[in-house]
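*Asks:* Please read through the structure below; I'll follow up with questions.
Numbering (the working numbering), first residue to last: 80 to 137.
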């Protein structure tokens, strides 16, 4: 992550999210979004994803 970005700057936040989306696998992206949006820990987010995806397998 470039060090020129300042915390709390919306443009920098968007750029950081784009960097993450470009470099992480889909499961990590989903986990990070749950952590960000719901305030969950990594374990809570992963458990929620595993539980919801596991029930949809056919």
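Using N, Cα and C, we set each Cβ at its ideal position, and we do this for glycine too.
1. Just to confirm the assignment, what range does the alpha helix (DSSP H) spanning residue 108 have?
2. State the CB to CB distance for the pair residue 111 and residue 93, rounded to an integer number of angstroms; the pair is presumed to be in contact (CB under 8 angstroms).
3. For residue 120 and residue 87, what's the separation of their Cα atoms in angstroms?
4. Using the C-alpha atoms, what's the distance from residue 124 back to residue 113?
5. Going by the CB atoms, is the gap between residue 109 and residue 128 shorter than 8 angstroms?
*Replies:* Looking at the coordinates:
1. Indexing the chain shown from 1 puts residue 108 at position 29. If you look at residue 108, you'll find it in the alpha helix (DSSP H) that goes 105-117.
2. Here residue 111 refers to the residue found at position 32 when the chain shown is read from its first residue. Here residue 93 refers to the residue found at position 14 when the chain shown is read from its first residue. Not confirmed; about 14 angstroms, so no contact.
3. Position 41 of the chain shown, counted from the start, is the residue given in the question as residue 120. Position 8 of the chain shown, counted from the start, is the residue given in the question as residue 87. Each residue's alpha carbon lies about 21 angstroms from the other.
4. Taking the chain shown and counting its residues from 1, the one referred to as residue 113 is at position 34. Taking the chain shown and counting its residues from 1, the one referred to as residue 124 is at position 45. Between the alpha carbons of residue 113 and residue 124 lies a gap of roughly 6 angstroms.
5. On the chain shown, position 49 is the one that residue 128 refers to. On the chain shown, position 30 is the one that residue 109 refers to. Taking 8 angstroms as the Cβ cut-off, residue 128 and residue 109 qualify as a contacting pair.
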